[in-house]
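Visitor: Below is one structure. I have some questions about it.
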Amino acid sequence: QSEVTDQVLQEDIMSTAQLLKMEGHQEGLQEGIQEGMRAGIQEGLQEGMRAGIQEGLRKGRQKEALLVARRLLATGMTLEEIAPIVDFPLAELQALLARED
1 QSEVTDQVLQ
11 EDIMSTAQLL
21 KMEGHQEGLQ
31 EGIQEGMRAG
41 IQEGLQEGMR
51 AGIQEGLRKG
61 RQKEALLVAR
71 RLLATGMTLE
81 EIAPIVDFPL
91 AELQALLARE
101 D
């Protein structure tokens, strides 16, 4: 009878250990998923902010170049002369001015 009790206890301990192992695995998996999602969201927000700032700067530079180019065109300068002054590629400056008209 003692042997049977020991065997039942051993099986019970093994069963409990297996359950705890499964619970630990499940908790670890859930925490890993949550941490991954948090990191992904933060990375996405940072990347979005970076892209937004870069786009804003690019558009601001375009507007500035267009404003200066228009003023210089009014003085009789050519786009070829203006492009290096506004530090903008000639083709891009031409395209921006064409879009504005």
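Under the working numbering, the residue at position 18 of the sequence shown is numbered 18, and the numbers go up by one with no gaps.
Virtual Cβ for every residue (Gly too), placed ideally from N, Cα, C.
Answer with buried or exposed for Ala17, where buried requires no fewer than 16 other C-beta atoms within 10 angstroms of its C-beta.
Guide: Ala17 should be labelled exposed.
Visitor: Quick check on Asp6: does DSSP put it in helix, strand or coil?
Guide: helix
Visitor: Measuring CA to CA, which of Ile53, Glu31, Leu97 is closest to Leu66?
Guide: Leu97
Visitor: Output the distance between the C-alpha atoms of Arg50 and Lys59, rounded to the nearest integer angstrom.
Guide: 14 Å
Visitor: Between the beta-carbon of Ile82 and the beta-carbon of Ala95, is there less than 7 Å?
Guide: Not closer than 7 Å, so no.
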